[in-house]
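There are 2 protein chains.
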Amino acid sequence: MCLALVPFSVLPVSGKAALETDVLHDSARWQALPDTPPVPDDNPQSEAKIELGKALFFEPRLSLTGTVSCNSCHNLAEGGDDSRAVSMGIDGKLGTRNAPTVWNAAFHSVQFWDGRAPSLEEQAKGPIINPVEQGLKDHAVAIRQLKKLPGYMVAFKQVFGEKDPVNIDNAVKAIAAFERTLITPNSPYDRFVQGDETALSRTQKEGMRLFAQKGCMSCHSGSMFNGPPMPLGTGFYQRFPTYAGHEEIKHYQLDEDKGRAQTSGKDAEAHLWKVPSLRNVALTAPYFHNGSVNELSDAVDIMGKTQLNIALSDNEIEIITQFLFALTGERPEIQLPKLPVAMGRSIIE
Amino acid sequence: MCLALVPFSVLPVSGKAALETDVLHDSARWQALPDTPPVPDDNPQSEAKIELGKALFFEPRLSLTGTVSCNSCHNLAEGGDDSRAVSMGIDGKLGTRNAPTVWNAAFHSVQFWDGRAPSLEEQAKGPIINPVEQGLKDHAVAIRQLKKLPGYMVAFKQVFGEKDPVNIDNAVKAIAAFERTLITPNSPYDRFVQGDETALSRTQKEGMRLFAQKGCMSCHSGSMFNGPPMPLGTGFYQRFPTYAGHEEIKHYQLDEDKGRAQTSGKDAEAHLWKVPSLRNVALTAPYFHNGSVNELSDAVDIMGKTQLNIALSDNEIEIITQFLFALTGERPEIQLPKLPVAMGRSIIE
Numbered sequence: 107m108c109l110a111l112v113p114f115s116v117l118p119v120s121g122k123a124a125l126e127t128d129v130l131h132d133s134a135r136w137q138a139l140p141d142t143p144p145v146p147d148d149n150p151q152s153e154a155k156i157e158l159g160k161a162l163f164f165e166p167r168l169s170l171t172g173t174v175s176c177n178s179c180h181n182l183a184e185g186g187d188d189s190r191a192v193s194m195g196i197d198g199k200l201g202t203r204n205a206p207t208v209w210n211a212a213f214h215s216v217q218f219w220d221g222r223a224p225s226l227e228e229q230a231k232g233p234i235i236n237p238v239e240q241g242l243k244d245h246a247v248a249i250r251q252l253k254k255l256p257g258y259m260v261a262f263k264q265v266f267g268e269k270d271p272v273n274i275d276n277a278v279k280a281i282a283a284f285e286r287t288l289i290t291p292n293s294p295y296d297r298f299v300q301g302d303e304t305a306l307s308r309t310q311k312e313g314m315r316l317f318a319q320k321g322c323m324s325c326h327s328g329s330m331f332n333g334p335p336m337p338l339g340t341g342f343y344q345r346f347p348t349y350a351g352h353e354e355i356k357h358y359q360l361d362e363d364k365g366r367a368q369t370s371g372k373d374a375e376a377h378l379w380k381v382p383s384l385r386n387v388a389l390t391a392p393y394f395h396n397g398s399v400n401e402l403s404d405a406v407d408i409m410g411k412t413q414l415n416i417a418l419s420d421n422e423i424e425i426i427t428q429f430l431f432a433l434t435g436e437r438p439e440i441q442l443p444k445l446p447v448a449m450g451r452s453i454i455e
Numbered sequence: 107m108c109l110a111l112v113p114f115s116v117l118p119v120s121g122k123a124a125l126e127t128d129v130l131h132d133s134a135r136w137q138a139l140p141d142t143p144p145v146p147d148d149n150p151q152s153e154a155k156i157e158l159g160k161a162l163f164f165e166p167r168l169s170l171t172g173t174v175s176c177n178s179c180h181n182l183a184e185g186g187d188d189s190r191a192v193s194m195g196i197d198g199k200l201g202t203r204n205a206p207t208v209w210n211a212a213f214h215s216v217q218f219w220d221g222r223a224p225s226l227e228e229q230a231k232g233p234i235i236n237p238v239e240q241g242l243k244d245h246a247v248a249i250r251q252l253k254k255l256p257g258y259m260v261a262f263k264q265v266f267g268e269k270d271p272v273n274i275d276n277a278v279k280a281i282a283a284f285e286r287t288l289i290t291p292n293s294p295y296d297r298f299v300q301g302d303e304t305a306l307s308r309t310q311k312e313g314m315r316l317f318a319q320k321g322c323m324s325c326h327s328g329s330m331f332n333g334p335p336m337p338l339g340t341g342f343y344q345r346f347p348t349y350a351g352h353e354e355i356k357h358y359q360l361d362e363d364k365g366r367a368q369t370s371g372k373d374a375e376a377h378l379w380k381v382p383s384l385r386n387v388a389l390t391a392p393y394f395h396n397g398s399v400n401e402l403s404d405a406v407d408i409m410g411k412t413q414l415n416i417a418l419s420d421n422e423i424e425i426i427t428q429f430l431f432a433l434t435g436e437r438p439e440i441q442l443p444k445l446p447v448a449m450g451r452s453i454i455e
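First to last, the protein sequences are chains A and B.
The first sequence begins at 107 in the working numbering and counts up by one.
The second sequence begins at 107 in the working numbering and counts up by one.
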């Protein structure tokens with residue numbers, strides 16, 4: 107499942123400077139973030155649909171307590187996540203995995219840490235009825251809530267034009283359409299790849315070279331740094347941890363969660379995880395599926411050990427971390443939606 | 107403490123139509139919302155301060171769990187509140203009172219249901235360290251958190267220009283400055299008062315007349331419908347319930363919370379409450395200090411009984427409720443802030 111990485115020793119270069127130049131300007135290796143993500147045929151984008159999706163994304167009344175929306179854990183004022191190790195849902199209940207950022211999630215071929223949702227649409231169905239997240243009993247309850255807010259009836263009608271358009275499939279289509287606008291272009295890395303030699307610092311360029319040289323790109327490749335292009339619905343997975351025996355694995359409990367096997371029950375999928383994107387990784391601490399590691403530099407150290415079986419020096423860790431900081435893109439301006447109301451009545455029970 | 111209300115019988119009118127016209131166009135009685143709220147001399151508005159205040163208002167890392175910001179309970183995507191009977195803070199903990207709307211709070215002369223904070227600045231200090239709200243141990247912890255986010259250091263410096271500007275007094279000044287922009291002008295009522303005769307429906311005009319005639323304006327007077335103009339820091343209070351014995355008082359537990367006496371310990375202040383504004387009341391269900399009444403029409407019914415000792419007919423209740431719907435103003439556009447980050451590190455512990 108792993109991309110082959112051409113070892114540096116076979117590259118036809120004569121000195122360090124030349125090597126650096128060649129590697130850093132290898133356009134097959136480094137790709138800027140595309141302007142737009144893939145859009146499924148059965149859910150084309152439209153302004154009205156994106157607006158509706160934004161409202162639903164910010165809608166806390168899609169939770170049992172009226173306190174938890176998509177944005178609670180995928181906060182668009184922050185890194186598209188919640189700064190927490192594991193998310194906190196209704197009534198202070200805790201999840202077991204770190205909230206992945208929603209920024210650029212539209213470029214993932216599958217969703218969730220274990221890739222169990224084949225699309226943004228399917229992903230959006232999960233948290234609403236997860237008992238430790240938004241906690242509604244089922245999707246029928248969610249739709250009943252939305253139907254109590256006349257503004258949604260109008261908006262769904264406008265977007266989907268059906269006779270009875272307020273249903274879960276349309277709701278998640280709208281949410282996914284909004285999420286497809288949550289793209290962060292123009293990171294220093296992207297600007298460098300597009301020809302601006304000054305976009306990266308000298309250290310960051312060195313980190314970029316090290317990132318390739320050490321083997322990080324075996325998995326973190328492509329414009330999303332999450333692996334080779336995959337058809338939508340098909341995940342790119344790796345075993346984590348790959349190399350056992352490192353003390354950090356126990357210390358941070360990195361092998362307690364069985365990853366894909368946790369939901370599939372298949373032993374062969376134990377500890378398989380979707381390779382996470384490194385886009386905006388500076389904004390999405392803490393790290394790993396259980397959010398156990400607070401510092402990005404520690405995460406880099408651990409990845410070297412558990413995935414490549416190498417001990418990076420403190421200097422190498424620092425330089426690679428500086429490069430990862432260059433993957434922070436520009437967050438678009440987002441106007442807070444004006445959520446519909448039931449005049450003179452609360453729909454929270 | 108109560109404004110004198112001229113009884114209708116003494117108004118020099120000859121018929122119902124004339125009476126209605128006179129009452130509805132009595133400019134001493136009906137006032138539009140001012141464009142801007144009072145601003146204290148020691149906290150002048152500035153663009154940069156408002157921006158900083160907005161970030162702090164949306165800042166969940168000002169809570170112990172990283173999940174609760176001012177906006178959690180005073181949601182600007184909704185009615186400036188949370189649709190809940192009583193608010194839910196960190197770890198799902200419950201408060202005891204209904205979150206008042208932050209829209210137009212800048213026009214209140216005192217803050218909180220019991221008026222215990224003399225300014226927006228003082229109010230903002232409370233929830234951050236309330237154990238069932240944002241739950242930080244003290245303000246020193248809050249400031250320590252902010253100082254971990256370099257972007258705040260820069261923003262506070264820009265706004266306050268002091269040597270060590272990140273402190274609680276400056277933080278709440280910024281929050282208050284932002285809140286002074288949260289004004290909702292141009293409600294149908296305001297447009298009517300400003301001369302647009304078509305802004306209110308016939309029913310709403312009738313409700314407006316009834317609202318005056320029945321005595322609601324004894325307390326709910328002025329441009330905010332919360333009493334006579336008071337110097338900043340001075341509250342306008344009423345006893346609630348005033349007339350005992352109505353079954354709704356027990357049913358909705360309206361006399362369990364002792365209001366101002368709860369914090370002051372003074373018996374004389376038992377069941378004294380700040381007269382709440384009726385601005386945007388259609389958006390702020392459920393109602394009363396304990397949020398026990400879900401429907402605005404029921405709240406109108408109860409107010410008639412407990413405050414005026416009159417039984418309004420179903421028709422009168424409906425008509426007055428329709429008038430109250432006309433107090434819904436235009437919510438300004440709000441761009442979501444981009445909160446500062448500590449690169450590659452979470453500040454939530």
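We put the CB at the ideal spot given by N, CA and C, even for glycine.
Contact belief for residue i with residue j at Cβ below 8 Å, rounded distance in angstroms
i: H357(A); j: W379(A); result: Not quite, the Cβ-Cβ distance comes to about 19 Å (not below 8 Å), so this is no contact.
i: N58(B); j: P392(B); result: Residue 58(B) lies beyond the residue range present for chain B, which begins at 107 and ends at 455; the question has no answer from this structure.
i: A405(A); j: Q310(A); result: Rounded, the Cβ-Cβ distance is 17 Å, inconsistent with contact.
i: P271(A); j: F262(A); result: 4 Å
i: C325(B); j: V381(B); result: 5 Å
i: K160(B); j: P443(B); result: 5 Å
i: S178(B); j: E165(B); result: The pair is not a contact, with the Cβ atoms about 10 Å apart (cut-off 8 Å).
i: A212(B); j: L158(B); result: Not confirmed; about 17 Å, so no contact.
Residues near residue i by beta carbon distance below 7 Å, same chain, minus five either side
i: E227(B); result: N149, V278, K279 and A282
i: M336(A); result: S215 and F342
i: S115(B); result: Any reading at S115(B) is ruled out, since the residue's pLDDT is 39, under 50, leaving its predicted position unreliable.
i: L200(B); result: V192, M194 and V238
i: E422(B); result: L316
i: S120(B); result: No answer about S120(B) holds up, because its pLDDT of 47 lies below 50 and its placement is not dependable.
i: F218(B); result: Q229
Residues that residue i bridges to, as DSSP identifies them
i: L136(B); result: For the sequence presented, residue 136(B) should be read as Trp rather than Leu. Answer is none; W136(B) lacks a bridge partner.
i: W379(B); result: Q344(B)
i: A223(B); result: Q217(B)
i: Y393(B); result: V399(B)
i: L445(A); result: None; L445(A) has no bridge partner.
i: G365(B); result: L378(B)
i: L200(B); result: M194(B)
i: N181(B); result: D187(B)
i: R451(B); result: E401(A) and A448(B)
Contacting residues, own chain, Cβ-Cβ under 6 Å from residue i (five flanking each side not counted)
i: Q441(A); result: none
i: Q300(A); result: A138
i: G410(B); result: I416 and L418
i: Q428(B); result: T309, Q310 and G313
Buried or exposed (CB count within 10 angstroms, at least 16 for buried), residue i
i: N386(A); result: buried
i: S383(A); result: buried
i: S133(B); result: exposed
i: I454(A); result: buried
i: N415(B); result: exposed
i: D373(A); result: exposed
i: E312(A); result: buried
i: P113(B); result: Bear in mind that the predicted position of P113(B) carries a pLDDT of just 39, short of 50, making it unreliable; the figure below should be weighed with that in mind. The residue in question, P113(B), is exposed, as its Cβ has fewer than 16 Cβ neighbours within 10 Å.
i: T340(B); result: exposed
i: V447(B); result: buried
i: A110(A); result: The pLDDT assigned to A110(A) is 37, lower than 50, so where the model puts this residue is not dependable; a value taken from the coordinates is nonetheless given after this. It counts as exposed.
i: H377(B); result: buried
Residue i beta carbon near the ligand NAP (any heavy atom closer than 8 Å)
i: E439(B); result: What this structure holds is no ligand at all, so the ligand NAP is not there to describe.
Own chain partners of residue i with C-beta closer than 8 Å, once the 5 adjacent residues on each side are dropped
i: T202(A); result: V192, D363 and N396
i: E436(A); result: T290, P291, N292 and S293
i: C108(B); result: Per-residue confidence for C108(B) stands at a pLDDT of 37, beneath the threshold of 50, marking its modelled position as unreliable; no derived number is given.
- Task: Assess, as a yes-or-no matter, whether the stretch 291-311 of chain B is touched by the stretch 360-370 of chain B under the definition of 3 or more beta carbon pairs within less than 8 Å.
- Result: no
On the three-pair Cβ rule with 8 Å, is the stretch 137-153 of chain A touching the stretch 343-357 of chain A?
no
Q.
With three or more C-beta pairs closer than 8 Å as the rule, is the stretch 136-149 of chain B touching the stretch 171-182 of chain B?
A. Verdict: no, contact absent.
message = If contact is defined by three or more beta carbon pairs under 8 Å, each pair taking one atom from either stretch, is the stretch 288-302 of chain B in contact with the stretch 248-259 of chain B?
response = no
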